[in-house]
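**Q**
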């Protein structure tokens with residue numbers, strides 16, 4: 350299981366009301382194109398153009414890690430010409446953006462199974478990760494050929510191949526074998542285009558993530574929509590499975606005789 354380089358030091362969040370790690374399921378490119386009587390590839394191109402302003406808005410707001418769901422393991426079933434165009438777009442975007450992102454102090458990582466990518470694209474990914482590996486201002490994760498179920502299965506296989514006794518497996522050990530090893534789990538998952546599902550995205554890591562769904566199609570998603578998602582997150586009461594007792598009830602419980 351090929352994993353990206355271990356990330357550089359990750360700062361503690363400066364504002365607890367803001368997520369440190371945001372994941373985005375970028376959905377709606379095809380519908381955006383169809384509504385304009387354009388080919389689906391035109392929607393994907395517009396979707397790529399939406400990334401930079403969203404990324405900058407996240408960083409300006411204090412979000413340190415942004416994970417974008419670019420291509421799933423299931424997307425290979427799309428028409429061949431569309432898959433080819435998506436891979437070409439990814440490679441072209443790396444070519445045009447890596448130097449600028451490096452200058453801005455952004456660390457680029459990819460998560461997913463690279464083995465199915467073309468050797469040329471694998472080389473581009475490797476160069477981008479190596480060039481930016483020491484950057485600490487922000488982290489951009491790009492999920493390409495990624496599937497949450499496959500990630501978990503691959504992690505278990507990797508641990509078994511390393512001789513780990515799986516009967517002693519812990520959540521920490523398994524988490525350390527995932528593509529996102531060394532990164533905090535996402536606090537907020539955003540899905541565009543209104544679908545109420547997470548589509549095999551970061552299944553393990555999003556156990557306690559807040560979910561925000563917007564009807565806005567990804568090419569139309571911008572700084573205003575990011576601000577709305579972050580504001581909604583700030584209003585959430587994150588309990589992580591716990592139910593805080595009111596102070597009066599807690600005091601009464603402490604005064605109660607033992608054994609009752």
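Residue numbers (the numbering used here): 350 to 609. All residues carry an ideal CB built from backbone N, CA and C; glycine is no exception.
Which residue marks the beginning of the alpha helix (DSSP H) containing residue 582, and which one marks its end?
**A** Taken as a continuous stretch (DSSP letters only), the alpha helix (DSSP H) holding residue 582 covers 572-584.
**Q** Candidates 518, 415, 500: which alpha carbon is nearest residue 553's?
**A** It is 500 whose Cα lies nearest to the Cα of residue 553.
**Q** Can you list, in chain order, the residues of its chain with a C-beta nearer than 8 Å to that of residue 364? Leave out the 5 residues immediately preceding and following it.
**A** Once the five neighbours on either side are set aside, the close Cβ partners of residue 364 are 411.
**Q** Excluding sequence positions up to five away, which residues of its chain have a Cβ less than 6 Å from the Cβ of residue 443?
**A** Contacts found: 473, 477.
**Q** Entirely within the segment 500-566 and at least 4 residues each: give me those alpha helix (DSSP H) ranges in chain order.
**A** Counting only runs of 4 or more, we get 520-524.
**Q** Going by the beta-carbon positions, is the gap between residue 369 and residue 408 smaller than 8 Å?
**A** Not in contact: residue 369 and residue 408 (Cβ atoms no closer than 8 Å).
**Q** Just tell me which of 452, 467, 380, 527 has its CA closest to the CA of residue 439.
**A** That would be 467, whose Cα lies nearest to the Cα of residue 439.
**Q** Under the assumption that residue 528 contacts residue 418 (Cβ atoms under 8 Å), give the Cβ distance between them as a whole number of angstroms.
**A** About 13 Å; that fails the 8 Å criterion.
**Q** Give me the residue from 404, 547, 520, 384 with the minimum Cα distance to residue 558.
**A** If we check each option's Cα against that of residue 558, 547 comes out closest.
**Q** Quick check: what's the CA-CA separation for residue 301 versus residue 380?
**A** Because the chain is modelled from 350 through 609, residue 301 falls outside the range shown and cannot be assessed.
**Q** Beta strand (DSSP E) containing residue 419: first to last residue?
**A** Per DSSP, residue 419 belongs to the beta strand (DSSP E) from 414-421.
**Q** Just to check my reading of the structure: residue 371 and residue 537 have Cβ atoms closer than 8 Å, yes? What is that Cβ distance to the nearest angstrom?
**A** About 5 Å; that satisfies the 8 Å criterion.
**Q** My output table needs one value for residue 438: the three-state DSSP class, helix, strand or coil.
**A** It is helical.
**Q** Please name the residue in 490, 579, 462 whose C-alpha comes closest to that of residue 415.
**A** The shortest Cα separation from residue 415 among 490, 579, 462 belongs to 490.
**Q** Measure the CB-CB distance between residue 497 and residue 550 and report whether it falls below 8 Å.
**A** The answer is yes: Cβ separation under 8 Å.
**Q** Can you have a look at residue 609 and say buried or exposed, based on whether 16 or more other CB atoms are within 10 angstroms of its CB?
**A** Low per-residue confidence applies at residue 609: pLDDT is 49, beneath 50, and the placement is therefore not dependable, though the value from the model is reported in the following sentence. Exposed, by the Cβ-count rule.
**Q** DSSP three-state label for residue 335, please.
**A** Lying before the first or after the last residue shown, residue 335 is absent from the chain, which here runs from 350 to 609.
**Q** Count the other CB atoms within 10 Å of the CB of residue 384; is the residue buried (16 or more) or exposed (fewer)?
**A** Residue 384 comes out exposed.
**Q** Out of curiosity, what's the CA-to-CA distance linking residue 437 and residue 392?
**A** Looking at the two C-alpha atoms, the distance is approximately 14 Å.
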